[in-house]
Amino acid sequence: MTLTIGLTGGIASGKSTVSAMMRELGLPVIDADEAARAVVRPGEDAYRQIVAAFGPDILQTNGEIDRAKLGAIVFSDEEERKKLNDIVHPAVRRKMLTEKEALVRSGAKTVVLDIPLLFESGLTAWVDKILVVYVDDDVQLRRLMERNGFTEEEARARIRAQWPLVEKIKQADAVINNNGTREETRRQLLVILEQWDALEK
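At position 28 of the sequence shown the residue is numbered 28 (UniProt numbering), and the sequence of numbers has no breaks.
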């Protein structure tokens, strides 16, 4: 029986750091962001639908979608964001489920689904355990502004587009507090994985 762990958090909470640590420990990770990039490549169904919905102005000169341009449209308009999500989310789900089924068939003991919007997308039924990576509000805001070069207003808009981290914690099976050092985060992760018997012996 394969244990499926749902890894989630908030933007700039350090979820990608924890995901990388899980990979280092030998756990197969299926990343929703990677799947989302794959399904919007030129030639894919979702790509054609996005260009039809938002127009050719969102394309770079090489024909790929300009994520920054599209992001500026959808993060400032709820309706536009919903339009994009209605195209991308079903394609991402199909890709992730196909990858998960292949890992289960191959006999994987544990599969990690790295899904930033696990709660927002109503995908909690996909997983057996939910692991939330948490940081304090001020740390999240500062890290996002530093990482992406956003103004405070731009950063807050992206944080508001997701559930508050305190709400995610309430529904988690385990929480990693990522306010401290990388080593502290790794220690917490190892304890949780051992409790869940998630690592190959």
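Backbone N, C-alpha and C fix where the C-beta goes; we use that ideal spot for every residue, glycine too. No experiment lies behind these values; they were computed from the predicted model shown.
For residue i, does the count of other Cβ atoms within 10 angstroms reach 16, so buried, or fall short, so exposed?
{"i": "residue 20", "result": "exposed"}
{"i": "residue 170", "result": "exposed"}
{"i": "residue 113", "result": "buried"}
{"i": "residue 116", "result": "buried"}
{"i": "residue 32", "result": "buried"}
{"i": "residue 104", "result": "exposed"}
{"i": "residue 157", "result": "exposed"}
{"i": "residue 15", "result": "buried"}
{"i": "residue 127", "result": "buried"}
{"i": "residue 181", "result": "exposed"}
What are the boundary residues of the beta strand (DSSP E) that residue i is part of?
{"i": "residue 128", "result": "From DSSP, residue 128 is part of no beta strand (DSSP E); its letter is neither H nor E."}
{"i": "residue 3", "result": "3-9"}
Check the DSSP bridge columns for residue i and list the partner residues they point to.
{"i": "residue 31", "result": "114"}
{"i": "residue 175", "result": "132"}
{"i": "residue 73", "result": "Beta-bridge pairing links residue 73 to no other residue."}
{"i": "residue 59", "result": "65"}
Identify, in the order they occur along the chain, each residue of the same chain with its Cβ nearer than 6 Å to the Cβ of residue i, setting aside the five sequence neighbours on each side.
{"i": "residue 110", "result": "3, 27, 198"}
Return the first residue and the last residue of the alpha helix (DSSP H) that residue i is part of.
{"i": "residue 98", "result": "78-105"}
{"i": "residue 185", "result": "182-195"}
{"i": "residue 53", "result": "45-54"}
{"i": "residue 140", "result": "137-148"}
{"i": "residue 152", "result": "152-160"}
Do you know offhand how far residue i's Cα is from residue j's?
{"i": "residue 65", "j": "residue 83", "result": "16 Å"}
{"i": "residue 13", "j": "residue 132", "result": "9 Å"}
{"i": "residue 10", "j": "residue 164", "result": "8 Å"}
{"i": "residue 78", "j": "residue 36", "result": "19 Å"}
{"i": "residue 176", "j": "residue 188", "result": "6 Å"}
{"i": "residue 53", "j": "residue 91", "result": "16 Å"}
{"i": "residue 167", "j": "residue 134", "result": "11 Å"}
{"i": "residue 62", "j": "residue 89", "result": "24 Å"}
{"i": "residue 18", "j": "residue 58", "result": "32 Å"}
{"i": "residue 81", "j": "residue 149", "result": "22 Å"}
{"i": "residue 179", "j": "residue 142", "result": "12 Å"}
{"i": "residue 40", "j": "residue 68", "result": "14 Å"}
{"i": "residue 139", "j": "residue 155", "result": "12 Å"}
{"i": "residue 43", "j": "residue 97", "result": "21 Å"}
{"i": "residue 136", "j": "residue 159", "result": "12 Å"}
{"i": "residue 1", "j": "residue 55", "result": "46 Å"}
{"i": "residue 72", "j": "residue 93", "result": "24 Å"}
{"i": "residue 70", "j": "residue 184", "result": "36 Å"}
Spatial neighbours of residue i within its chain, please: C-beta separation below 7 Å, excluding the five flanking residues on both sides.
{"i": "residue 196", "result": "3, 129"}
{"i": "residue 87", "result": "46, 49, 50, 53"}
Give me, in chain order, the residues of the same chain whose beta-carbon lies closer than 8 Å to that of residue i; leave out the 5 immediate sequence neighbours on both sides.
{"i": "residue 120", "result": "162, 163"}
{"i": "residue 124", "result": "6, 118, 130, 171"}
{"i": "residue 144", "result": "11, 12, 150, 155, 158, 159"}
Could you check if residue i belongs to the surroundings of the ligand ATP, using beta carbon to heavy atom distance under 6 Å?
{"i": "residue 76", "result": "Absence of the ligand ATP is noted for the structure shown, with no ligands found whatsoever."}
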